[in-house]
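A.B. asks: In our numbering, the protein residues as written are 198 to 277.
My questions will all concern the structure given below.
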């Protein structure tokens with residue numbers, strides 16, 4: 198009986214710890230140039246996944262670059 202109870206508890210822990218949830222990844226662009234810094238929202242993404250995988254997918258959205266006017270920007274994303 199104890200083994201059955203212990204197995205049920207372990208199975209429940211495994212099921213609930215690996216379940217997929219909705220995680221919202223919020224991104225913003227930070228523009229720098231001419232001695233100024235400007236930040237603007239740059240989208241929200243919802244990932245239905247485990248938390249570690251959702252964080253990884255969110256981090257993949259980050260990057261840097263140059264816009265059409267020659268200003269530099271970095272894109273920062275985080276799970277909220």
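Positions of the beta carbon are idealized from the N, C-alpha and C atoms, including for glycine.
Looking at residue 216 and residue 258, is the spacing between their C-beta atoms short of 8 Å?
C.D. replies: Position 61 of the chain shown, counted from the start, is the residue given in the question as residue 258. Position 19 of the chain shown, counted from the start, is the residue given in the question as residue 216. Not a contact, by the Cβ cut-off of 8 Å.
A.B. asks: Alpha helix (DSSP H) containing residue 250: first to last residue?
C.D. replies: Taking the chain shown and counting its residues from 1, the one referred to as residue 250 is at position 53. The continuous alpha helix (DSSP H) containing residue 250 extends over residues 248 to 256.
A.B. asks: Taking the alpha-carbon positions, what's the residue 260 to residue 246 distance?
C.D. replies: As a working mapping, residue 260 is identified with position 63 in the chain shown. As a working mapping, residue 246 is identified with position 49 in the chain shown. Looking at the two C-alpha atoms, the distance is approximately 22 Å.
A.B. asks: Skipping 5 residues on each side, what residues in its chain have a beta carbon closer than 7 Å to that of residue 219?
C.D. replies: One-based indexing of the chain shown puts residue 219 at position 22. Excluding positions up to five away in sequence, the list reads 243 and 245.
A.B. asks: Measuring straight from C-alpha to C-alpha, what distance separates residue 235 and residue 249?
C.D. replies: Within the chain shown, numbered from 1, the residue matching residue 235 stands at position 38. Within the chain shown, numbered from 1, the residue matching residue 249 stands at position 52. Their Cα atoms are separated by approximately 30 Å.
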